[in-house]
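K.L.:
Residue 32 in numbering that gives the first Met the number 0 sits at position 33 of the sequence shown, and the numbers go up by one each step.
Built from N, CA and C at the ideal position, the CB exists for glycine as well.
Computed from a predicted model, the values in this text were never measured in an experiment.
There's a structure below that I have some questions on.
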Amino acid sequence: MDSNLNSPTELKLVDLDYPFSQKAIATMPAQPRDSARMMVVRRASDEIVHARVCDLPRWLQAGDQLVLNETKV
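In structure tokens, the structure reads:
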């Protein structure tokens, strides 16, 4: 996959096939719920930041897009 976050690339299924620890999969919701982790992509600098849902308002600016994933395991 292209490392430049500002350049759209075609996502291929093989790009999502990587090893990971089963311990990394949440089996219960975070408590409190807003302590759940989230990934923030700062497109201006190609930076990826790990934050908490409770910090969401500080990251949002006018014109931003918010993508939510409601996947259940």
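1) For ALA35, which residues of its own chain have a beta-carbon under 6 Å away from its beta-carbon, when the five flanking residues on both sides are left out?
2) Pick from THR8, ASP63, MET27: whose alpha carbon is nearest that of ARG41?
3) Determine whether the beta carbon atoms of VAL66 and ALA50 lie at a separation below 7 Å.
4) Within the continuous alpha helix (DSSP H) that includes ARG79, where are the two ends?
5) In three-state terms, what does DSSP make of ALA50?
P.N.:
The short version:
1) Position 36 of the sequence shown, counted from the start, is the residue given in the question as residue 35. Closer than 6 Å at the Cβ level, and outside the excluded window around ALA35, lie ALA29, VAL52.
2) By 1-based counting over the sequence shown, the position of residue 41 is 42. Checked all of THR8, ASP63, MET27; the closest Cα to ARG41 is ASP63.
3) Translated into the one-based positions of the sequence shown, residue 66 becomes position 67. Translated into the one-based positions of the sequence shown, residue 50 becomes position 51. No, Cβ-Cβ distance for VAL66 and ALA50 is not below 7 Å.
4) There is no way to answer for residue 79, as the model of the chain reaches only from 0 to 72.
5) Counting from one through the sequence shown, the residue named residue 50 turns up at place 51. Under the three-state reduction of DSSP output, ALA50 falls in the strand class.
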